[in-house]
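So the protein lines, in turn, are chains R and D.
Take the first sequence: its position 101, counting from 1, is numbered 103 in our numbering, and each next residue is one higher.
Take the second sequence: its position 42, counting from 1, is numbered 44 in our numbering, and each next residue is one higher.
Every residue gets a Cβ at the ideal spot worked out from N, C-alpha and C, and that includes glycine.
Here's the structure, in structure tokens; my notes come after.
There are 2 protein chains.
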Amino acid sequence: MAQADNFFQLADETQGIPRELGPGVTTRVFPGDQAMLSIVTLEPHAAGAIHSHPEEQWGVMLEGSGIRTQGGEEIPVKKGDFWRSPGDVPHGLRAGPEGCRVLDVFAPPRAAYRVAGKGFATG
Amino acid sequence: MAQADNFFQLADETQGIPRELGPGVTTRVFPGDQAMLSIVTLEPHAAGAIHSHPEEQWGVMLEGSGIRTQGGEEIPVKKGDFWRSPGDVPHGLRAGPEGCRVLDVFAPPRAAYRVAGKGFATG
Numbered sequence: 003m004a005q006a007d008n009f010f011q012l013a014d015e016t017q018g019i020p021r022e023l024g025p026g027v028t029t030r031v032f033p034g035d036q037a038m039l040s041i042v043t044l045e046p047h048a049a050g051a052i053h054s055h056p057e058e059q060w061g062v063m064l065e066g067s068g069i070r071t072q073g074g075e076e077i078p079v080k081k082g083d084f085w086r087s088p089g090d091v092p093h094g095l096r097a098g099p100e101g102c103r104v105l106d107v108f109a110p111p112r113a114a115y116r117v118a119g120k121g122f123a124t125g
Numbered sequence: 003m004a005q006a007d008n009f010f011q012l013a014d015e016t017q018g019i020p021r022e023l024g025p026g027v028t029t030r031v032f033p034g035d036q037a038m039l040s041i042v043t044l045e046p047h048a049a050g051a052i053h054s055h056p057e058e059q060w061g062v063m064l065e066g067s068g069i070r071t072q073g074g075e076e077i078p079v080k081k082g083d084f085w086r087s088p089g090d091v092p093h094g095l096r097a098g099p100e101g102c103r104v105l106d107v108f109a110p111p112r113a114a115y116r117v118a119g120k121g122f123a124t125g
């Protein structure tokens, strides 16, 4: 594979493996060998269900704002904020009035997200 | 540790472990258990030395533009572009005329970057 095939663009909606995580919460997944990226879009006031998984997760707020719930704490997040969600810590995100877009990183990659599907995986 | 301690801001220069990777190339490192984030700033026309390491790396161009060298290919990158650099593939980045800022992700974390230091590690 040419190295050029490893290059993508955040705004290109045709790239990645599409997945509907919940009502108003969609993502596009980019699997790697040791990490996986997921570009999540939340409509205004949409909320991802609280869930957990053993993989470590990092999130970066690319656009908009919201409330991150993590380990029972509620933390307001805005553009440019980023955070680490340790493995097995329950977490979720509720979008603010303008919605938001988040870059999520999973390490190691989450097997369930390597193929198209629906919903949050907890495995 | 409170979950709030896992929250950061890309623009906050006081956060992370500072490291000078080369002339005009500085970073701030955020170590995790299974991944590590690094927010790299390149001055105009600064270039990171071509190097490689076994860990997988992803990069996201946050601001500015540059030329990514990867596996001998030269690929122009601009704001919003992101890419995967497989383990052991030689890579580097040369900033454009306005400089650039890149979010790098390493999985697994790179041991050499858990503490303050200088230069690119290849271990």
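Open item on the list: Run through chain R and tell me which residues come within less than 8 angstroms of D/E2, C-beta to C-beta.
Closed with: Since the first residue shown for chain D is 3 and the last is 125, residue 2 of chain D is missing from the structure and cannot be characterised.
Task: Rounded straight-line distance, which links the Cα of R/P99 to that of R/A37 - done: 31 angstroms
TODO: Report yes if the CB atom of R/S54 is closer than 8 angstroms to the CB atom of R/V91, and no otherwise.
DONE: Between R/S54 and R/V91, the C-beta spacing is below 8 angstroms.
Open item on the list: Using only the alpha-carbon positions, how far apart do D/D106 and D/G18 sit?
Closed with: For D/D106 and D/G18, the gap between their C-alpha atoms comes out near 13 angstroms.
TODO: Verify the CB distance criterion: does D/P25 have a CB-CB separation below 8 angstroms to chain R?
DONE: no
TODO: Return yes when the Cβ of R/R70 is within less than 8 angstroms of the Cβ of R/V62, no when it is not.
DONE: no
Open item on the list: Does any residue of chain D have a CB that is nearer than 8 angstroms to the CB of R/D83?
Closed with: yes
Open item on the list: I want to verify the contact list: residues of chain R whose CB lies under 8 angstroms from the CB of D/I77, in sequence order.
Closed with: Think of a sphere of 8 angstroms around the beta carbon of D/I77: the chain R residues whose beta carbon falls inside it are Q5, A6 and F9, in chain order.
Task: Cα-Cα separation, D/E15 to D/A48 - done: 19 angstroms
Task: Euclidean distance between Cα positions of R/V104 and R/L39 - done: Taken atom to atom, the span from the alpha-carbon of R/V104 to that of R/L39 is near 10 angstroms.
TODO: Could you tell me the boundaries of the beta strand (DSSP E) in which R/E2 lies?
DONE: Summary: the structure shown does not reach residue 2 of chain R, with chain R confined to residues 3 through 125, and so no result is reported for it.
Open item on the list: Can you tell me which residues form a DSSP beta bridge with R/D83?
Closed with: D/Q11
Task: Classification of R/G121 by the beta-carbon crowding that lies within 10 angstroms, buried from 16 upward - done: exposed
Task: Local conformation of D/Q17 per DSSP, three classes - done: In the structure shown, D/Q17 sits in coil (DSSP, three-state: anything other than H, G, I, E or B).
Open item on the list: Here's the rule: buried if 16 or more other CB atoms are within 10 angstroms of the residue's CB, otherwise exposed. What is D/R116?
Closed with: exposed
Open item on the list: Do R/L95 and R/L44 count as a contact pair if the criterion is CB distance below 8 angstroms?
Closed with: yes
Open item on the list: Between which two residues does the beta strand (DSSP E) holding R/D106 run?
Closed with: H93 to A109
Task: D/R112 versus D/G119 - alpha carbon distance - done: C-alpha of D/R112 to C-alpha of D/G119: approximately 13 angstroms in a straight line.
- [ ] Check the Cβ of D/G73 against every Cβ in chain R and list those closer than 7 angstroms, keeping chain order.
- [x] Q5
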